[in-house]
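Protein chains in written order, with our numbering: chain A, 35 to 234; chain B, 35 to 234. Quick reminder that beta carbons are idealized off the backbone N, C-alpha and C, glycines included. Accompanying notes for the structure given below.
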DNA sequence: GTCTATAGTGCGATAGAC
DNA sequence: GTCTATCGCACTATAGAC
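See below:
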């Protein structure tokens, strides 16, 4: 497949790097234009000069083409939590995780995030995967809190509150006309959560 | 399929009632013994004397065989919210929803819930569907809160806290050795949530 | 109730990198 | 020689179309 190889000075041929990223970009484009279900894995692969079989070597299923690459966000979120002050109350650890994660949602990223979310919002199967990833993150954060000595059910609750604040904040951040930074929005949402628990 | 019809006095033949329930029970049994992915829709159908086609007439996809029947729980949850005192703070509406939902988790139901959850816990695809349903419930509760005049993001946050308390409580309720009632557990988890927001 | 498209898997073959 | 990315082919099961 000539499109998937590049030629070096010496005439030697190698597989073009960044295959996964090209597949991802092609998948987002096709999902956005034709719709997720109307796009076959073969079409995505062909659009970058590869075969369906290769697509499935890179992604365990079609949905994952939209979710690979979130590892950096997850890493930032957990690093923020890990680096928070020892002995801090659970919600302060959560706040640190959120602040760290916010660095990944710079303003330049907003258009791409909007585009991607539009695709997800249009497909229940993609929404299911997105929730699943978020719960996985909450579970990991819960483990981290338990390692720091937080008891149950506080650890699980605090972790879930963290991902909930993130999800609500993210939805706000990509809303039409929204211009505040992710960090600003998260602070406001977090404050609202605390206020809710007190207004009773 | 003789197993799926019954004969009435007059000799007339009709579809045996409870087809969906029998399919559901068979699905749970097979998923529990062979595993979800190792069980085909055709096998489930055949085990109650029906065809694959009939299975998909009752359930839009294989996973739904495990999730149909949750409508009563959802209805109880939302009814509890609707019947809470007008003007009550958001978390009080949530508390009412939880209290109402708890009536569906009587002690007799615990063994069945445990069995079902074991199957779900063993399969990511089923977990994804379960999360999705729970988020759908949170969304509906959020709508209800907004209808009652709760602003954003408070409505969404309160609703999500409700389903989170439910999920954590349910997991506790079916844990090995647990004997407290669902209502008791929910109260404890709810109190823990409020305490978390105050300990800062 | 049958027919078909597509997701996803398993395995063998190829070809370049090392 | 090993390792890794790819292709190609055969196959099953889901799910939807007819």
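The beta carbons of residue 198(B) and residue 194(A) sit about 5 angstroms from each other, so the pair counts as a contact at 8 angstroms. Close partners of residue 230(A) in chain B (Cβ separation under 9 angstroms): 123, 124, 125, 188, 191, 192, 195, 231. Secondary structure remark: continuous alpha helix (DSSP H) runs of at least 4 residues inside the segment 86-123 of chain A, in chain order: 86-92, 105-116. Neighbourhood of residue 175(A) in chain B, by CB distance below 9 angstroms: empty, with the nearest CB roughly 13 angstroms away. Residue 179(B) carries a helical assignment under DSSP once its states are collapsed to helix, strand and coil. Residue 196(B) carries a helical assignment under DSSP once its states are collapsed to helix, strand and coil. Taking the Cβ atoms as the reference, residue 90(B) lies roughly 10 angstroms from residue 99(B), outside the contact range of under 8 angstroms. In the three-state DSSP reduction, residue 233(B) falls in the coil class, being neither helix nor strand.
At the C-beta level, residue 124(A) and residue 192(A) come within 8 angstroms of one another.
Sixteen is the threshold: since fewer than 16 other Cβ atoms of the shown chains lie within 10 Å of the Cβ of residue 109(A), the residue is exposed. Only those residues of the segment 201-212 of chain B whose C-beta falls short of 9 angstroms from the nearest C-beta of chain A are listed: 201, 202, 203, 205, 206. For a Cβ distance threshold of 9 angstroms, residue set 162, 165, 166, 168, 169 of chain A lies close to residue 165(B), ordered along the chain.
Put simply, the CB of residue 227(B) is near chain A, with a gap under 8 angstroms to one of its CB atoms. Excluding sequence positions up to five before and after residue 203(A), its CB lies within less than 6 angstroms of the CB of 219, 220, 223, all in the same chain and listed in chain order. Put simply, the CB of residue 198(A) is near chain B, with a gap under 8 angstroms to one of its CB atoms.
For the pair residue 112(A) and residue 196(A), the CB atoms are not nearer than the 8 angstroms cut-off. Taking a Cβ-Cβ cut-off of 8 angstroms, the neighbours of residue 223(B) in chain A comprise 187, 191, given in sequence order. Under a 10 Å Cβ-count criterion, residue 114(B) is classified as buried, with 16 or more other Cβ atoms of the shown protein chains found around its own Cβ. The DSSP-derived three-state label of residue 208(A) is coil.
Look at the beta carbons and you see the segment 144-161 of chain A touching the segment 60-76 of chain A: at least three pairs across the two are nearer than 8 angstroms. Look at residue 140(B) here: in three-state DSSP terms it is coil, with no helix or strand label. Interface annotation, residue 148(A): not in contact with chain B, CB-CB separation never under 8 angstroms. In its chain, beyond the 5 residues on either side, 154, 155 have a beta carbon closer than 8 angstroms to the beta carbon of residue 161(A). The C-beta of residue 180(A) comes no closer than 8 angstroms to any C-beta of chain B.
Here residue 88(B) is near residue 79(B), since their CB atoms are less than 8 angstroms apart. Taking C-beta separations shorter than 6 angstroms and ignoring five residues to either side along the sequence, the partners of residue 61(B) in its chain run 78, 99, following chain order.
In the DSSP assignment, residue 65(A) falls within the unbroken alpha helix (DSSP H) covering 53-68.
With its beta carbon at least 8 angstroms from every one in chain A, residue 214(B) lies outside the interface. At least one CB of chain B lies nearer than 8 angstroms to the CB of residue 234(A).
Cα atoms of residue 169(A) and residue 163(A): separation of roughly 10 angstroms, rounded to the nearest angstrom. If you look at residue 81(A), you'll find it in the alpha helix (DSSP H) that goes 75-81.
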